[in-house]
Amino acid sequence: MGFALFRGEGRLPVEDLRDLKVGEVVHLDGVLYTARDKAHRRMLDFLDSGLEIPFSPSSGVMFHCGPIVLREGDSYRVLAAGPTTSARMDPFEPRVIKELGVRAIVGKGGMSSDVAKSLREVGGVYLSFTGGCAVKAARAVKEVLALLWEDLGMAEAVWVFRVEDFGPLIVSMDAHGGNIFEDVERRGRERLRAIVERGRSS
């Protein structure tokens, strides 16, 4: 298992996640692990109890997603795989990054400063997938490799997908402290101040 990221239509390979900068657009080939709140909580419970997690988060990309999947005989077909709001995983993600070796996360809406710090420390990235494009995401899933922790329910279980040309993904938090969400917020504050100043001077 593993994954590879590519830039642009020429599919230029990304050799090191540290090479990526905020604002770049990439696509993904390889292994995605879906994980939402309950799966994150269980991963940490396993760590705290000394139990072995039945998959290797470091060998793929963590995807904040609760997919809709149809079982067809002995196989599965993914109907929708849109991103979940990543802030829900803020309490768990720093440990998942540091202790389980996750280096790339896909989600939507960004994550906390603690998560950004953890990614910076390990040379990881947070990649944004546009909300409302769940069917497009599902089309990139070429195979369901495994279903784990099925007792959590379809949306909360860990699904292991093999994907091709999954994206576009926007580098939103990089390994150097770049954070597109903080940049947007800062520019918004600057524009607001400028508008207020113009109003005062008119």
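Numbering (the numbering used here), first residue to last: 5 to 206.
Ideal Cβ placement from N, Cα and C applies to all residues, glycine included.
Fair warning: this is a prediction, and the values are worked out from it, not measured in the lab.
Local conformation of residue 63 per DSSP, three classes:
Against the sequence shown, residue 63 aligns to sequence position 59. DSSP places residue 63 in helix when its eight states are reduced to three.
From which residue to which residue does the alpha helix (DSSP H) around residue 47 run?
What you label residue 47 is simply residue 43 of the sequence shown in a count that begins at 1. 41–53 is the extent of the alpha helix (DSSP H) around residue 47.
Would residue 84 and residue 35 be called neighbours here (beta carbons separated by less than 8 Å)?
Counting from 1 along the sequence shown, the entry for residue 84 is found at position 80. Counting from 1 along the sequence shown, the entry for residue 35 is found at position 31. No, the Cβ-Cβ distance between residue 84 and residue 35 is not below 8 Å.
Please work out which residues of its chain come closer than 6 Å, Cβ to Cβ, to residue 109, disregarding the five sequence neighbours upstream and downstream, and give them in chain order.
One-based indexing of the sequence shown puts residue 109 at position 105. The answer, listed in chain order, is 66, 130.
Give me the Cα-Cα distance between residue 121 and residue 175, rounded to the nearest whole angstrom.
Counting from one through the sequence shown, the residue named residue 121 turns up at place 117. Counting from one through the sequence shown, the residue named residue 175 turns up at place 171. Distance between the alpha carbons of residue 121 and residue 175 is about 15 Å.
List the whole-angstrom C-beta distance separating residue 101 from residue 74, where the pair is believed to meet the contact cut-off of C-beta under 8 Å.
Here the question's residue 101 lines up with position 97 in the sequence shown. Here the question's residue 74 lines up with position 70 in the sequence shown. Not really, about 32 Å apart at Cβ, beyond 8 Å.
Between residue 45 and residue 39, what straight-line distance do the alpha-carbon atoms span, to the nearest angstrom?
Taking the first residue of the sequence shown as position 1, residue 45 is located at position 41. Taking the first residue of the sequence shown as position 1, residue 39 is located at position 35. The straight-line gap from Cα to Cα measures roughly 10 Å.
What is the DSSP secondary structure of residue 169, reduced to helix, strand or coil?
Translated into positions along the sequence shown, residue 169 becomes position 165. Of the three classes helix, strand and coil, the one that applies to residue 169 here is strand, per DSSP.
What runs of the beta strand (DSSP E), each 3 residues or longer, lie entirely inside the segment 141–197?
145–152, 162–177
Helix, strand or coil at residue 241 according to DSSP, with G and I counted as helix
Lying before the first or after the last residue shown, residue 241 is absent from the chain, which here runs from 5 to 206.
Give the DSSP bridge partners of residue 82, in chain order.
Against the sequence shown, residue 82 aligns to sequence position 78. DSSP, once it has assigned bridges, lists 73 as partnering residue 82.
Nearest neighbour of residue 126, chosen from 58, 33, 177 [CA to CA]
The residue labelled residue 126 in the question sits at position 122 within the sequence shown. The candidate whose alpha carbon is nearest that of residue 126 is 177.
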